[in-house]
Structures are given as C-alpha cells and as structure tokens.
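Numbering (the working numbering), first residue to last: 42 to 255.
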C-alpha cells in the first residue's frame with residue numbers, strides 16, 4: 042500500500058494504518074534529522090537528540106486527530122502539490138528548529154518603548170537570521186538604499202519576528218519555497234494563508250525601514 046493511501050486511512054481513523062505509517066516514516070524521520078545541518082553543525086546529531094526530534098515529529102503528526110496529515114492530503118489538489126517526502130522534510134525541519142529553540146532559547150521580541158536586547162543576548166540566541174542570501178533578498182525586495190546595512194534587516198527580524206515568521210521568511214527567500222510548500226511546512230490552512238503571511242511580514246519590514254525613513 043502506498044504512503045498516501047496509508048495517510049488517508051489514518052485520517053479516517055484506522056489504528057492499524059497509523060501503526061503501519063509510523064513504521065514506514067520513522068526511518069525517514071531519523072535519516073532526515075541525523076543529516077540535518079541544524080543539528081549536525083551544532084554537534085547535536087547524536088542518537089538521543091535525533092530521538093527527541095523524532096518524538097516531536099510523530100507527536101505533531103498525531104496531534105488533533107492527525108490535523109497535519111489532513112492538511113497534507115488537502116494540498117494535493119493544488120496546481121503544484123508537494124510530494125510526501127518533501128512535506129515530511131519540511132515537518133522535520135520545523136521540529137528541529139523548535140528543538141533548537143527549546144535548547145538554546147530565542148531572541149526576545151522588542152517592545153515599543155521598552156528596553157532593547159543587549160548585544161550579549163543578540164549574539165547568543167539560536168535561530169537567528171544568518172543567511173546572507175535571505176536578508177540580501179529581503180533588502181532587494183524592499184528596494185533598500187546602499188547606505189542601509191543589510192545587517193540591520195537581520196537584527197530587526199531576529200528581535201521582532203516570531204520563530205514561525207522567521208521560518209516562513211527563510212523558506213520564501215533563502216529556499217525559494219512556494220506558498221503551498223510554506224503552508225505545509227508551517228501547518229497553515231492553505232497556500233493563500235502562506236501568501237498573506239509573507240505579504241504581512243514584508244509590509245512590516247517596509248514600514249520599519251522604508252515608510253519611517255521618508
């Protein structure tokens with residue numbers, strides 16, 4: 042039985058199908074997590090760390106009567122649907138980012154009128170925007186002047202965007218993922234929701250760096 046059919050039966054409530062699906066995807070999850078740069082570059086691709094990620098992914102797949110699997114099935118009707126392997130990679134990637142945030146923390150959100158995070162805080166938070174391609178692409182999109190340092194874009198995103206928002210921007214700009222892929226990776230309702238999220242984040246950046254400078 043192919044994987045999509047197992048997912049369909051799982052969503053329909055068949056316990057046996059869910060157990061078969063677990064047996065099929067668990068090795069895939071383990072392989073993706075073990076090779077993931079987020080763990081490997083931090084020396085965290087040990088069995089116990091990979092096992093924690095696998096548990097998180099499987100819990101996410103089971104949560105709310107397999108809501109995420111239902112969304113995977115729904116996106117198959119899109120013009121360019123994701124394959125299950127691609128969708129699963131996005132799900133594991135999200136779980137790893139959550140795992141790293143839980144282990145290392147995250148940059149605090151800057152509150153208007155409140156204290157800014159210290160340099161030490163900014164330099165020790167996990168999941169910061171460090172991808173040159175990402176903030177260079179964002180800068181180009183916002184039509185930044187040469188005088189505006191791209192590092193300021195990254196700093197603003199790190200201190201003002203939520204983990205989900207940062208992940209969405211990485212997928213859109215650094216990984217060239219389309220709306221349907223972003224929606225699947227973030228567990229959004231559909232591609233339209235992903236498009237609206239990216240537009241809203243770009244509007245926040247434009248307001249902060251462009252509109253306020255006029």
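For each residue, glycine too, the CB sits at the ideal point set by N, CA and C.
Note that this is a predicted model, so its numbers are computed, not measured.
Cβ distance (whole Å) where residue i is taken to contact residue j below 8 Å
i: residue 238; j: residue 229; result: 7 Å
i: residue 220; j: residue 235; result: 4 Å
i: residue 80; j: residue 137; result: 6 Å
i: residue 73; j: residue 130; result: 6 Å
CB contact flag (residue i, residue j, <8 Å)
i: residue 232; j: residue 119; result: yes
i: residue 44; j: residue 107; result: no
i: residue 42; j: residue 71; result: no
i: residue 78; j: residue 135; result: no
i: residue 48; j: residue 110; result: yes
i: residue 249; j: residue 197; result: yes
i: residue 101; j: residue 82; result: no
i: residue 99; j: residue 63; result: yes
Of the listed residues the options, nearest to residue i (C-alpha basis)
i: residue 59; options: 78, 104 and 89; result: 104
i: residue 65; options: 76, 80, 46 and 81; result: 46
i: residue 203; options: 139, 144, 248 and 85; result: 139
i: residue 243; options: 222, 224 and 214; result: 214
i: residue 143; options: 216, 93 and 63; result: 93
i: residue 218; options: 123, 97, 62 and 88; result: 123
i: residue 67; options: 199, 126 and 85; result: 126
i: residue 241; options: 89, 200, 206 and 88; result: 206
i: residue 145; options: 85, 211 and 121; result: 85
i: residue 112; options: 97, 128 and 87; result: 128
Contact with chain C by residue i, beta-carbon distance below 8 Å
i: residue 72; result: Looking at the structure shown, chain C is missing, and only one protein chain is on hand.
For this session: Let me know the alpha helix (DSSP H) ranges lying completely inside the segment 61-130, each 4 residues or longer, listed in chain order.
Result: 78-81 and 88-116
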